[in-house]
Amino acid sequence: MNANFLIRPAVPDDAVGMLELTRSVADESYNGILHSSGDTLRTVEEQRKVIEQRMGSGNCMILLAEANGQIIGIVSCVGGVLTSTERTVGLGIMVKKEWRGQGIGTAMMQHILAWARNTPIVKRVDLEVLTNNPRAAHIYEKLGFQTEGIKRQIYFKDGEFVDAQVMAIVFER
Ligand SMILES: CC(C)(COP(=O)(O)OP(=O)(O)OC[C@H]1O[C@@H](n2cnc3c(N)ncnc32)[C@H](O)[C@@H]1OP(=O)(O)O)[C@@H](O)C(=O)NCCC(=O)NCCS
């Protein structure tokens with residue numbers, strides 16, 4: 000790894016930087032995420048509220064990678080709000096295109112998985128990865144996620160139907 004970056008929790012003042020990064024990844028084709036260029040993103044005020052609400056909740060966490068004062072990565076775990084769903088968190092991650100392939104995604108995943116492992120309410124970390132996104136699937140497998148199945152042709156992205164791989168880690172404490 001040769002990138003110089005730090006990983007820290009998000010605060011409401013990160014709303015603009017988080018939206019800028021999300022927009023730049025959404026503008027890529029084959030971006031690995033469900034946002035596409037042209038999809039409506041949150042306003043800055045909505046994003047501030049989401050950060051406040053999630054960071055004030057015991058089963059959510061947002062971590063950012065920062066370099067030279069700029070947000071270059073976001074990883075989040077979002078827990079359910081029902082008694083039946085609050086023990087499962089959904090994971091999402093993105094790294095700015097120019098910064099990929101330098102270990103930043105792996106480092107962010109290691110940090111958020113440490114948070115999840117040390118947060119007693121979290122039983123399961125859950126995600127879907129598009130089957131045309133082998134880089135992301137590789138990181139998840141490397142860090143202990145197991146594949147539970149394939150959702151066939153569940154999304155329409157970049158002009159074609161794509162399958163999604165369901166992956167999870169379940170903590171046995
Ligand atoms: C997925 C993502 C977060 C990874 O971040 P990153 O900083 O590039 O990841 P890292 O540099 O830590 O690791 C990349 C790993 O993928 C591997 N890799 C790269 N291309 C690959 C490919 N085509 N197939 C399999 N593995 C691949 C690298 O060898 C490396 O693994 P290693 O550390 O075991 O050698 C980043 O690519 C991204 O933001 N992509 C767009 C958004 C996205 O896909 N999000 C995930 C949605 S499920």
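Reminder that position 19 of the sequence shown reads as 18 in numbering that gives the first Met the number 0, one-by-one numbering, no gaps.
Every residue gets a Cβ at the ideal spot worked out from N, C-alpha and C, and that includes glycine.
Closer than 7 Å: residue i CB and nearest ligand 1 heavy atom
| i | result |
| --- | --- |
| residue 128 | yes |
| residue 66 | no |
| residue 3 | no |
| residue 110 | no |
| residue 60 | no |
| residue 30 | yes |
| residue 141 | yes |
| residue 131 | no |
| residue 105 | yes |
| residue 17 | no |
| residue 135 | yes |
Closest Cα partner of residue i within the set the options
| i | options | result |
| --- | --- | --- |
| residue 91 | 9, 38, 7, 77 | 77 |
| residue 36 | 157, 67, 30, 26 | 26 |
| residue 14 | 62, 144, 136 | 62 |
| residue 127 | 120, 121, 40, 145 | 145 |
| residue 57 | 70, 86, 69 | 86 |
| residue 41 | 29, 54, 20 | 20 |
Whole-Å CB distance - residue i paired with residue j, under 8 Å assumed
| i | j | result |
| --- | --- | --- |
| residue 116 | residue 170 | 6 Å |
| residue 2 | residue 102 | 7 Å |
Own chain, CB closer than 8 Å to residue i, minus 5 neighbours either side, in chain order
| i | result |
| --- | --- |
| residue 139 | 108, 126, 128, 166 |
| residue 147 | 165, 166, 167 |
C-beta contact flag for residue i and residue j at 8 Å
| i | j | result |
| --- | --- | --- |
| residue 111 | residue 80 | no |
Residues near residue i in its chain [Cβ-Cβ closer than 7 Å; skip 5 each side]
| i | result |
| --- | --- |
| residue 46 | 14, 17, 18 |
| residue 151 | 162 |
| residue 143 | 168 |
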